[in-house]
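Notes to accompany the following structure.
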Amino acid sequence: MSWQPNMSRTTLYVPGDRPDRFDKALASGADAIICDLEDAVAEDSKALARQAVAEWLRANSGAACWVRVNNRPDLLSTDAALVRSLVADGVSFCGVVLPKATPAACETDFGGCGVMALIESAAGVIHINQIASQAAVVQVALGEEDLAADLGMQPSVDAPEMWAIRTAAVVASAAAGLQAPVGPVFTNLEDEAGLAATSHTLRRQGFGGRAVIHPKQVNAVHLAFTPTSAEIAKAQATLEAFAAAAEANSGVAVVDGRFIDAAVVRWAKAVLARVPVER
Numbered sequence: 669m670s671w672q673p674n675m676s677r678t679t680l681y682v683p684g685d686r687p688d689r690f691d692k693a694l695a696s697g698a699d700a701i702i703c704d705l706e707d708a709v710a711e712d713s714k715a716l717a718r719q720a721v722a723e724w725l726r727a728n729s730g731a732a733c734w735v736r737v738n739n740r741p742d743l744l745s746t747d748a749a750l751v752r753s754l755v756a757d758g759v760s761f762c763g764v765v766l767p768k769a770t771p772a773a774c775e776t777d778f779g780g781c782g783v784m785a786l787i788e789s790a791a792g793v794i795h796i797n798q799i800a801s802q803a804a805v806v807q808v809a810l811g812e813e814d815l816a817a818d819l820g821m822q823p824s825v826d827a828p829e830m831w832a833i834r835t836a837a838v839v840a841s842a843a844a845g846l847q848a849p850v851g852p853v854f855t856n857l858e859d860e861a862g863l864a865a866t867s868h869t870l871r872r873q874g875f876g877g878r879a880v881i882h883p884k885q886v887n888a889v890h891l892a893f894t895p896t897s898a899e900i901a902k903a904q905a906t907l908e909a910f911a912a913a914a915e916a917n918s919g920v921a922v923v924d925g926r927f928i929d930a931a932v933v934r935w936a937k938a939v940l941a942r943v944p945v946e947r
């Protein structure tokens, strides 16, 4: 199965100063990877990470890869310059992940790259609708670890404390016509049941996928965000029934006793849009 620009169930973080892991991360089965210049990289390794990521992207143009930059006054301009140089040289990649996103930071010149705005501060939450409507922003993501720290929260495993903010991210994304947002990482690598359960919760809440921090998390997240065969069959039957009704000059149909209208058709199309396709 292959990654599609409008369907990324998993985005796998990989430290930018570990170029030995880039190819492995890309081959892990994740739909996309995030080469990280920020939290995963120590201060004295930032320059090394920047160089390693640039060299790898130049050698792997077109890879399903995002670059997470540093959103700090002393580093953002340098990271942005690197991104602009890649774009100017025709290197193709997914775009930029902007941590601790704010409306002003989203206006940074990244050479026309799409921006995944990572909401992980109170300021980001307050301005989430403005952030989602920025011209460069193509997707919103939640960083709940940093966000919880900023808000003084101690979320439980399923994080109901964060649900209002999650809904805000989903609503802002839909209102701005963006892809469904990216859900937060699950930091307990040994809790497979928790990973699966929280991934299903995120899908029901309107997220399109989530970020992961280890290749072992990929399969469980894919299962949660990939429609089941029963869901696919139901969606196909819905579209067929509605098409037949339209041919009969009717705007509604009934499938298995359920009233089908345009809203249900949108649901069916959304389900089928999440089905991975063969490369």
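Position in the sequence shown (first residue = 1) + 668 = this note's numbering. Where a beta carbon is used, it is the ideal one built from N, C-alpha and C, also for glycine. Keep in mind the model is a prediction, meaning the values are calculated, not measured.
Requested in this report: Count the other CB atoms, across all protein chains shown, that sit within 10 Å of the CB of W734; report buried if there are 16 or more and exposed otherwise.
Outcome: On the sequence shown, position 66 is the one that residue 734 refers to. W734 comes out buried.
Requested in this report: Return the CA-CA distance between W935 and A804, expressed in angstroms with no decimal places.
Outcome: Reading the sequence shown from its first residue, position 267 is the one you call residue 935. Reading the sequence shown from its first residue, position 136 is the one you call residue 804. Rounded to the nearest angstrom, the two C-alpha atoms are 27 Å apart.
Query - Integer-rounded CB distance, given that T678 should sit under 8 Å from A698 - result: The count along the sequence shown starts at 1 and reaches residue 698 at position 30. The count along the sequence shown starts at 1 and reaches residue 678 at position 10. Their Cβ separation, rounded to whole angstroms, is 4 Å, which keeps A698 and T678 in contact under 8 Å.
Query raised in the report: Do A827 and I796 come within 8 Å of each other at the CB atom, strictly closer than that value?
Result: The sequence position of residue 796 within the sequence shown is 128, counting from 1. The sequence position of residue 827 within the sequence shown is 159, counting from 1. No.
Query raised in the report: What residue does the beta strand (DSSP E) around F910 start on, and which one ends it?
Result: Position 242 of the sequence shown, counted from the start, is the residue given in the question as residue 910. Segment 897-915 is the alpha helix (DSSP H) holding F910; no beta strand (DSSP E) there.
Report task. Would you kindly check if the distance between the Cβ of F893 and the Cβ of R942 is under 8 Å? Result -> As a position in the sequence shown, residue 942 is number 274, starting the count at 1. As a position in the sequence shown, residue 893 is number 225, starting the count at 1. In this structure, F893 lies closer than 8 Å to R942 by Cβ.
Query raised in the report: Who are G730's beta bridge partners in DSSP?
Result: Locating residue 730 in the sequence shown gives position 62, counting from the first residue. For G730, which the question treats as bridged, DSSP gives no partner whatsoever.
Requested in this report: Can you grab the Cα-Cα spacing for the pair A715 / S753, in whole Å?
Outcome: Position 47 of the sequence shown holds residue 715. Position 85 of the sequence shown holds residue 753. Approximately 15 Å between the Cα atoms of the pair.
Query raised in the report: Which first and last residues belong to the beta strand (DSSP E) in which A785 is found?
Result: Sequence index remark: in the sequence shown, residue 785 carries index 117 (1-based). Run containing A785: 783-787, per the beta strand (DSSP E) assignment.
Query raised in the report: Tell me, which residues are paired with T679 by DSSP?
Result: Position 11 of the sequence shown, counting from 1, holds the residue named residue 679. Looking at the DSSP assignment, T679 forms a beta bridge with A700, A879.
Report task. Taking only the alpha-carbon atoms, compute the straight-line gap between A700 and P767 and give it to the nearest angstrom. Result -> Locating residue 700 in the sequence shown gives position 32, where the first residue counts as 1. Locating residue 767 in the sequence shown gives position 99, where the first residue counts as 1. Rounded to whole angstroms, A700 to P767 spans 17 Å at the Cα level.
Query - alpha helix (DSSP H) segment containing F690, residue limits - result: Within the sequence shown, numbered from 1, the residue matching residue 690 stands at position 22. Its alpha helix (DSSP H) spans residues 690-694.
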